[in-house]
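When you number the sequence shown by UniProt numbering, it's gap-free, plus one each residue, and the end is 209. Please read the structure below before turning to the comments.
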Amino acid sequence: MIKRYTELADAVEHLLLEKNSEFICYLQPVTSREAALQWLAQYRQQYSDANHVCWAYIIGNTRQPQTQAFSDDGEPSGTAGKPMLHVLTERELGNCLAVVVRYFGGVKLGAGGLVRAYSNAVSQAAGNAELRMISPSVQLSISVSFAFEARLRQLLQQYQAALDDVAYRDNVSMQVSVPQDAEPALREQLINETAGAAVIRQVASHSGV
């Protein structure tokens with residue numbers, strides 16, 4: 001089960017200067033690998049004269065990512081992309097692409113210095129970032145008797161479920177979106193209170209703000 005998680009709400013830009021080298025960090029909201037790579041291509045084109053364009057992204061929950069990747073783009077292995085990804089994870093920046101453009105200032109930083117510089121560039125940018133909470137939900141189709149309609153509406157409020165659609169035929173049929181972590185309890189209570197008469201089907205699951 002995917003728990004609630006935070007994601008980057010808006011783009012962020014931040015400049016870090018380290019021993020004459022410029023580290024320009026961009027944090028960009030993305031919801032797919034394809035979107036991340038499209039943004040990356042734009043940054044590469046925009047900064048075609050830069051020494052390095054390093055990046056990392058996480059799609060979905062930072063603790064249970066759908067996909068994630070990173071690149072050192074010519075920097076010594078392990079000194080750029082992986083530290084950037086680590087910051088995204090620790091700061092819980094889900095659905096986020098981090099790009100750090102480096103212009104070499106003439107002074108070598110060494111492996112440790114590079115790790116710190118790339119980490120700090122992303123961390124400082126993250127300090128200016130706005131996050132929003134994503135609450136995965138499940139869409140259910142619930143059919144009950146007319147006599148139980150008022151009680152069902154009460155339960156939907158109790159479990160913070162949204163009523164998407166309702167139809168009246170031989171009974172009351174509702175399409176609802178319920179928070180994923182509340183769905184088992186709502187389902188159990190409906191079955192108990194209707195003595196198993198409620199018909200409950202899962203239609204879909206999705207993430208929402």
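All C-beta atoms, glycine included, are put in the ideal place defined by N, C-alpha and C. Here the structure is a predicted model, which is why all the values come from computation and not from measurement.
Item, Value
"Whole alpha helix (DSSP H) elements within the UniProt domain \"Impact N-terminal\" (19-125), 4-residue minimum", "33-46 and 81-90"
"Inter-residue Cα distance where the pair is Leu27 and Ile191", "46 Å"
"Glu188: first and last residue of the uninterrupted beta strand (DSSP E) it sits in", "Unbroken run through Glu188 is the alpha helix (DSSP H), Glu183 to Glu193; no beta strand (DSSP E)."
"For Gly11, three-class secondary structure by DSSP", "First, the residue type needs correcting, since residue 11 is Ala and not Gly in the sequence shown. Looking at Ala11 - three-state DSSP - the assignment turns out to be coil, as it is neither helix nor strand."
"Selection from Gln46, Arg91, Ala195 and Ala150 that minimises the alpha carbon distance to Glu130", "Arg91"
"For Leu155 and Gln202, believed in contact at Cβ under 8 Å, the rounded distance", "The Cβ separation is near 17 Å, so there is no contact."
"Inter-residue Cα distance where the pair is Val133 and Pro29", "A small fix is needed here, since residue 133 is Met in this sequence, not Val. Those two C-alpha atoms are separated by around 14 Å."
"Assigned exposure category for Tyr168 - 16 Cβ within 10 Å defines buried", "exposed"
"Top-ranked residue by Cα proximity to Gln64, from Asn51, Cys54 and Thr89", "Thr89"
"Exposure label - Val199; buried when at least 16 CB within 10 Å", "exposed"
"Cβ shell of Phe146 (< 7 Å), same chain only, five flanking positions each side left out", "Asn171 and Val172"
"Rounded straight-line distance, which links the Cα of Arg4 to that of Leu152", "25 Å"
"Expected contact under 8 Å - CB spacing of Ser119 and Val99 to nearest Å", "Rounded, the Cβ-Cβ distance is 14 Å, inconsistent with contact."
"Check whether Glu34 and Cys54 have beta carbons under 8 Å apart", "no"
"Status (buried if at least 16 other CB within 10 Å, exposed otherwise) for Val178", "buried"
"Contact test: Leu163 Cβ vs the ligand FAD heavy atom, cutoff 7 Å", "Absent from the structure shown: the ligand FAD. Ligands present: none."
"Classification of Ser48 by the beta-carbon crowding that lies within 10 angstroms, buried from 16 upward", "exposed"
"Continuous beta strand (DSSP E) assignments of at least 3 residues falling wholly in the stretch 129-157", "131-144"
"Cβ-Cβ separation, Phe23 to Arg102 (assumed contact under 8 Å), whole Å", "6 Å"
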